[in-house]
Amino acid sequence: MTELHNPLIDGPFTRTLVELRWGDMDAYGHVNNVTQLKLLEEARVKAFGSPTAARDVIPGELPGGERTDAFGLVMPPVFREASADVQILVSGHAIDYRDPIPYRDGPIAIDVCIVKITPVIIKVGYVILEPDASKVYSVAESDLVFVDGETGRARRLRDDEQAAFADCAVGPLPLKRR
Numbered sequence: 089m090t091e092l093h094n095p096l097i098d099g100p101f102t103r104t105l106v107e108l109r110w111g112d113m114d115a116y117g118h119v120n121n122v123t124q125l126k127l128l129e130e131a132r133v134k135a136f137g138s139p140t141a142a143r144d145v146i147p148g149e150l151p152g153g154e155r156t157d158a159f160g161l162v163m164p165p166v167f168r169e170a171s172a173d174v175q176i177l178v179s180g181h182a183i184d185y186r187d188p189i190p191y192r193d194g195p196i197a198i199d200v201c202i203v204k205i206t207p208v209i210i211k212v213g214y215v216i217l218e219p220d221a222s223k224v225y226s227v228a229e230s231d232l233v234f235v236d237g238e239t240g241r242a243r244r245l246r247d248d249e250q251a252a253f254a255d256c257a258v259g260p261l262p263l264k265r266r
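All residue numbers for the sequence shown refer to the numbering used here, where the first residue is 89 and numbers rise by one.
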């Protein structure tokens with residue numbers, strides 16, 4: 089695998105490959121904007137692992153060991169480790185649709201990175217682009233919070249959770265609405 093490049097991310101990221109489905113296309117012949125949020129979710133789970141890993145039916149690694157749908161930075165296992173007693177929820181999204189994504193055979197690339205860590209929020213960044221990085225379609229960020237399973241309230245990230253992501257943070261992505 090050649091070195092990964094993203095024209096908008098200055099730092100480490102995980103490249104995920106997501107197959108488009110015929111049903112992702114809207115009446116205009118491109119991937120619907122709401123569907124793009126679902127693609128971001130799929131990429132986030134591929135990059136960080138299942139947010140319900142402790143409760144999943146089949147925990148653990150994929151058969152055969154090596155992943156073929158995610159490359160680059162291996163994200164710290166914070167989500168998997170926290171999943172026993174927290175819910176990892178999205179508290180907000182920002183997305184810039186830069187160019188329509190046409191339907192085609194083969195995967196789209198979604199690069200996932202840590203933008204910022206605060207005591208309560210993990211800001212995750214995404215760039216939807218061609219697998220060879222030749223064209224960017226969308227840029228997005230999501231705010232994630234850990235919600236205590238017993239109280240239903242957002243909880244602060246523990247020091248070890250913040251430290252695990254500290255070296256991964258790349259800073260803000262170039263969203264047009266900043």
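Even glycine gets a Cβ: it sits at the ideal position worked out from N, Cα and C.
- In summary, P164 is buried, with 16 or more beta-carbon neighbours lying within 10 Å of its beta-carbon over all protein chains present.
- By the Cβ test, the region 223 to 240 is in contact with the region 167 to 174, since at least three Cβ pairs between them sit closer than 8 Å.
- Beta-bridge partners assigned by DSSP to V235: Q175 and A242.
- Excluding five sequence positions before and after T140, the CB atoms of its chain that fall closer than 7 Å to its own CB belong to S171, given in chain order.
- Annotation: the continuous beta strand (DSSP E) that includes T104 extends over T102 to E107.
- In terms of Cα proximity to R244, the closest of V233, A251, A252 and F253 is V233.
- C-alpha of L105 to C-alpha of G111: approximately 18 Å in a straight line.
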